[in-house]
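Asks:
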Amino acid sequence: MPTVALSALVAHAVAALLIASVPVVAWFWLRRRFDLAWRDIGVGAAVFVVFALVLERTLHLYLLQLNPITAHWLRMPVLFVIYGALMAGLFEESGRWLGLRFLVRKPGGAATPVAYALGHAGIEAWLVGAASQAQMVMFGIAANRGELESRLAASGADAMVGTIHAMLAQLSPWLALGAVSERIAAMLIQFTLTLVVWHAVRQRRFVIVVLAVLLHALADLPAALYQVHVLPLAVTEAIYAVAAVLLAATCWPPQGGRKIGESSLR
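According to this note's numbering, the sequence shown is numbered sequentially starting from 70.
1. Which runs of the alpha helix (DSSP H) at least 4 residues long sit entirely within the region 220-270? Give them in chain order.
2. Go ahead and label Q259 buried or exposed: buried means 16 or more other beta carbons lie within 10 angstroms of its beta carbon, across all protein chains shown.
3. Note down, in chain order, each residue of its chain lying with its Cβ closer than 8 Å to the Cβ of A180, except the 5 sequence neighbours on either side.
4. Does the separation of the CB atoms of I210 and L78 fall below 8 Å?
5. Just to confirm before moving on: does the CB-CB distance between E125 and V266 stay below 8 Å?
6. So what does DSSP say about N213, is it helix, strand or coil?
7. Can you tell me whether DSSP reads P92 as helix, strand or coil?
8. Can you look up G191 in the DSSP assignment and give me helix, strand or coil?
9. Just curious, the alpha helix (DSSP H) that A140 is in, first and last residue?
10. Determine the direct distance from the alpha carbon of G153 to that of A252, and round the result to whole angstroms.
11. Would DSSP call F103 helix, strand or coil?
12. If you draw a straight line from the C-alpha of Y185 to the C-alpha of G215, how long is it?
13. Sort S76, G113, A157 by Cα distance to V282 and report the nearest one.
14. Give the single residue among P291, A310, V304, L302 whose Cα lies nearest to the Cα of L155.
15. I want to know whether the region 188-201 touches the region 83-103 - three or more CB-CB distances under 8 Å.
16. How do the region 138-149 and the region 293-309 stand: do at least 3 beta-carbon pairs fall below 8 Å, yes or no?
17. For G158, does the three-state DSSP call read helix, strand or coil?
18. Let me check understanding here. Comparing Cα to Cα, which of P242, H189, P182 lies closest to V116?
19. Distance check for L167 and A199, CA to CA, integer angstroms please.
20. Here's the rule: buried if 16 or more other CB atoms are within 10 angstroms of the residue's CB, otherwise exposed. What is H141?
21. Quick check on this structure: which residue in L187, Y131, I138, F97 has the alpha carbon closest to the alpha carbon of V255?
See below:
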């Protein structure tokens with residue numbers, strides 16, 4: 070009997086394709102309303118890779134694994150939740166501020182934060198969202214063929230067998246749908262946080278960057294609570310969807326001709 074149902078594998082494969090296509094669809098839609106620059110899109114993507122995938126993960130590796138003292142303390146759920154949420158906000162928002170302040174094209178206009186956010190959110194959707202779904206599909210296929218343990222052992226990841234089997238047991242069409250909705254919500258939140266930091270850059274008020282860090286930490290809080298088994302997955306995804314709609318309605322300029330400084334966040 071297969072370990073993972075075929076319907077679940079197909080659903081998560083479709084989810085990977087949908088998540089990967091969202092940034093492309095967003096680009097086609099936004100380019101009709103904004104004068105998007107590839108440089109600004111590239112800056113957003115590069116900042117996410119450097120600050121979230123390299124610097125932040127390096128710190129996690131040290132504090133959560135290599136340093137026995139901090140690893141011990143951060144096993145406490147409360148400390149882990151606070152640490153995880155704050156570090157995500159600190160690294161991404163400081164990187165966002167540096168990118169918008171020094172690396173995007175000058176002078177920046179209404180399209181600048183939009184292009185930056187598209188790069189930041191788009192590369193995250195590809196490298197985190199779509200890639201994770203595709204990886205689970207490959208794990209599921211290997212498990213159904215009875216090859217998962219041998220493949221993990223060959224790659225030196227045999228200690229992850231139990232964890233991966235537990236994750237595979239949860240795969241379902243509903244979970245795949247939730248993954249797509251969560252990724253869309255995450256993109257909306259990234260766009261909103263970019264507008265917040267853009268205000269900090271334009272108004273030269275670093276205190277707004279601190280606000281962005283706290284908002285980012287708040288946005289990551291449900292995911293952190295899910296990781297320590299406090300919130301169920303359905304509740305976590307519902308919180309993200311509601312938060313994204315509220316933040317986008319507050320900060321998002323509905324037309325390309327509208328200046329960022331004229332948004333309701335002013």
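Ideal placement from N, C-alpha and C gives every residue a C-beta, glycine not left out. Owing to the predicted nature of the structure, the values given are computational and were not obtained by experimental measurement.
Replies: Checking against the coordinates, here is how it stands:
1. 230-239
2. buried
3. F103, D104, L105, A106, D109, G325
4. yes
5. no
6. helix
7. helix
8. helix
9. 137-142
10. One detail in the question is off: residue 252 reads as Arg in this sequence, not Ala. If I take the Cα positions, the gap works out to 19 Å.
11. coil
12. 44 Å
13. A157
14. P291
15. yes
16. yes
17. helix
18. H189
19. 27 Å
20. exposed
21. Sequence inspection shows Ala at residue 255; the Val mentioned does not correspond to that position. For A255, the nearest C-alpha among the options comes from L187.
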